[in-house]
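First comes the structure, then the notes that go with it.
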Amino acid sequence: MLIVGQVAEPKSLDPHAVTAVNDFRILMNLYEGLVRYKDGTLEVEPALAESWTVSDDGKTYVFKLRDGVKFHDGTPLTSKAVKFNFDRMLDEKHPYHNTGPFPLSFFFSSIENVEAVDPKTVKFTLNAPYAPFLSNLAYPTGLIVSPEAVKKHGKDFGRQPSGTGPFRFAEWASNNKVVVVRSDDYWVDNARLEAVVFRPITDANTRVAEMLAGSIDMMVEVPPNALSEFQNDRYQVVEQAGPHVWFLILNAKEGPFADKRMRQAVNYAINKKALVEGVLEGTAEVAAGPTPPAFAWAYNDSLQPYPYDPVKAKALIKEAGQEGAKLTFYVTEGGSGMLDPVPMGTAIQADLKAVGLDTSIETYEWNTFLGKVNPGLEGKADMAEMAWMTNDPDTLPYLALRTDAWPEKGGFNSGYYSNPEVDKLLEAARQFSMADKGITLVVLLGISIPSFFLGMMMILLFAINLRWLPVSGMYAIYGGGDLPDLLKHLVMPSVALASVATGVIARPCWKY
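Just so we're on the same page, the working numbering is the position in the sequence shown counted from 1, plus 4.
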């Protein structure tokens, strides 16, 4: 079997109930969506749907499902099963809506109706043209679950999952491991791996030690300061680079950061270049806004990040009357794409101290951290770390910057940023395709000078134990390249979702 060292145990194995790539790494092996991303691109291709059509007005999508596909519980994939999935997420009156919450259901908020036309035809009617619809279907939130398994297990479905993927769920030992095994009834050709074990190892140094000891075969999110440990013939380090943004959430609703000058001051106070070159040892680049350069058609390279200017930061703090302000800063021990979050947090704390801000750090395990941050920072903290992978340039701004994305409205705007003009631009942008670059660029010009957040584009690092790895043994995720038969169907979804590779190894104990 293959043993993978994760950063935390999953929150759930229900793809509609989670938001973290740490969970997606498991889920992408258990489930499939109607469509998926084509290798090396953000272009979608058929998956459970063999074909589809789109109406001229962009409001109707009709999908033809593949024949012979079954869920792991033996029930068939039908149009009614697909309808069940989206109705469960979107219809508050659905009998199984209470098996949520479904935090990313807004990805499909444009859906007005889902109709099972016949057993193999499903029609989606949207309330308006929505450019990222197909892309969002390819995102893990669009993975299709077994309705009968949901009905059987109810709120416990996340511990008893059933999908159509190449691997089926076998075991979840809390705080120890999640085991998936080969599905011998997979609708394509069967996976050659017999089993994969995902072990939660929260502490990065412990993951490194276990990797060096040979206790795990692959570790995710290698700390940059540990890279030298793997610079020999026994290991291979693989980068994931793409639309993955690390940023700070600032509480704009109350406290010091309710004043725009204080949000600007923090952006001037933090030496982002030093964070990238020092703490992260070059495994990131400073971001000028929430849109990564991977989206070249929507990226404005003329935008510049806030410069490091502690003198200006002090002046703004004095002007705002917040000299000596005390701040509470939530930091996670590790999580989805959080490279060295504690050293990052302490470096930021030092920069803020240098301009007269007294920052107290509170550190939490990843899932506990999410439980504190996602409901909003009001009454608890002034700032928090966060990272996000994205499949569309509008996703992160729409997710984190709209007024209607405040936590109490079901969104992830945990810092309560609100700007009516930004709201209008974000809504307008979602109705245009990639070819209509002008609208999206208008949105970017409206919000990309971040008076409310700072960020970095991250590169995630994976270490692979090469004790038994053949030369061709790298499995490219969404990145093309030869795929060894032994490793077929093991999916380790990239944080970037584009042009990215990761690796796995072959061990003698694998059965095939």
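Note that CB positions come from ideal geometry on N, CA and C, so glycine has one too. Since the model is a prediction, treat every value here as computed from it, not as a measurement.
When the options are compared against residue i, the one with the closest alpha-carbon
{"i": "Ile365", "options": "Gln268, Lys264, Pro105, Met387", "result": "Met387"}
{"i": "Thr145", "options": "Phe110, Ala199, Val290, Arg203", "result": "Phe110"}
{"i": "Val22", "options": "Lys384, Val315, Leu430, Asn371", "result": "Asn371"}
{"i": "Tyr312", "options": "Val359, Gly325, Lys330", "result": "Val359"}
{"i": "Leu403", "options": "Asp427, Leu381, Ala385, Glu389", "result": "Asp427"}
{"i": "Thr129", "options": "Gly104, Asp160, Thr64, Ala153", "result": "Thr64"}
{"i": "His248", "options": "Ala329, Thr287, Ser178", "result": "Thr287"}
{"i": "Ile253", "options": "Leu400, Leu320, Val241", "result": "Leu400"}
{"i": "Gly259", "options": "Lys97, Trp392, Ala24, Leu381", "result": "Leu381"}
Alpha helix (DSSP H) segment containing residue i, residue limits
{"i": "Arg267", "result": "264-273"}
{"i": "Lys87", "result": "83-94"}
{"i": "Tyr402", "result": "399-404"}
{"i": "Lys376", "result": "370-377"}
{"i": "Glu431", "result": "424-433"}
With 16 other Cβ atoms within 10 Å as the buried cut-off, status of residue i
{"i": "Gly72", "result": "exposed"}
{"i": "Asn180", "result": "exposed"}
{"i": "Pro99", "result": "exposed"}
{"i": "Asn33", "result": "buried"}
{"i": "Pro294", "result": "buried"}
{"i": "Ala12", "result": "buried"}
{"i": "Gly415", "result": "buried"}
{"i": "Ser139", "result": "buried"}
{"i": "Gln10", "result": "buried"}
{"i": "Pro19", "result": "buried"}
{"i": "Asp95", "result": "exposed"}
{"i": "Gly419", "result": "buried"}
{"i": "Glu389", "result": "buried"}
Straight-line Cα distance separating residue j from residue i
{"i": "Glu289", "j": "Lys124", "result": "46 Å"}
{"i": "Ala292", "j": "Met223", "result": "30 Å"}
{"i": "His101", "j": "Pro379", "result": "19 Å"}
{"i": "Glu327", "j": "Asp263", "result": "13 Å"}
{"i": "Leu405", "j": "Tyr334", "result": "19 Å"}
{"i": "Asp122", "j": "Leu38", "result": "16 Å"}
{"i": "Thr350", "j": "Thr79", "result": "51 Å"}
{"i": "Glu175", "j": "Ile205", "result": "17 Å"}
{"i": "Phe28", "j": "Arg163", "result": "15 Å"}
{"i": "Glu47", "j": "Gly383", "result": "42 Å"}
{"i": "Phe600", "j": "Pro165", "result": "Only positions 5 to 516 of the chain appear in the structure, and residue 600 is not among them; the question remains open."}
{"i": "Leu490", "j": "Ile7", "result": "The predicted model places Leu490 with a pLDDT of 37, which falls under 50 and marks its position as unreliable, so this point remains unresolved."}
{"i": "Arg265", "j": "Ala213", "result": "44 Å"}
{"i": "Thr355", "j": "Ser16", "result": "In the sequence on display, residue 355 carries Asp and not Thr. Roughly 37 Å separates the two Cα atoms."}
{"i": "Phe173", "j": "Lys42", "result": "25 Å"}
{"i": "Arg92", "j": "Gly282", "result": "46 Å"}
{"i": "Arg211", "j": "Ala324", "result": "44 Å"}
{"i": "Phe161", "j": "Val184", "result": "16 Å"}
{"i": "Asp237", "j": "Lys84", "result": "52 Å"}
{"i": "Ala217", "j": "Thr168", "result": "35 Å"}
{"i": "Met5", "j": "Asn194", "result": "16 Å"}
{"i": "Arg267", "j": "Pro411", "result": "20 Å"}
{"i": "Gly450", "j": "Val280", "result": "At Gly450 the pLDDT is 38, less than 50, meaning the model places this residue with poor confidence; the figure from the coordinates comes in the next sentence. Near 26 Å, if we compare the C-alpha coordinates of Val280 and Gly450."}
{"i": "Glu369", "j": "Ser113", "result": "31 Å"}
{"i": "Phe90", "j": "Ile115", "result": "9 Å"}
Opposing strand residues paired with residue i [DSSP bridges]
{"i": "Leu252", "result": "Glu389"}
{"i": "Pro50", "result": "Val39"}
{"i": "Phe333", "result": "Ile365, Met387"}
{"i": "Trp56", "result": "Phe67"}
{"i": "Leu6", "result": "Val200"}
{"i": "Pro80", "result": "Lys74"}
Residue i beta carbon near the ligand MG (any heavy atom closer than 7 Å)
{"i": "Asn378", "result": "By its list of ligands, the structure shown contains no ligand whatsoever, and the ligand MG lies outside what it can speak to."}
Residue range of the beta strand (DSSP E) that includes residue i
{"i": "Ala177", "result": "171-177"}
{"i": "Lys127", "result": "125-130"}
{"i": "Asp221", "result": "From DSSP, Asp221 is part of no beta strand (DSSP E); its letter is neither H nor E."}
{"i": "Asp122", "result": "115-122"}
{"i": "Val149", "result": "That residue, Val149, is in no beta strand (DSSP E); it is neither H nor E in DSSP."}
{"i": "Ala319", "result": "Ala319 -> not in any beta strand (DSSP E); alpha helix (DSSP H) instead, spanning 314-323."}
{"i": "Val184", "result": "181-186"}
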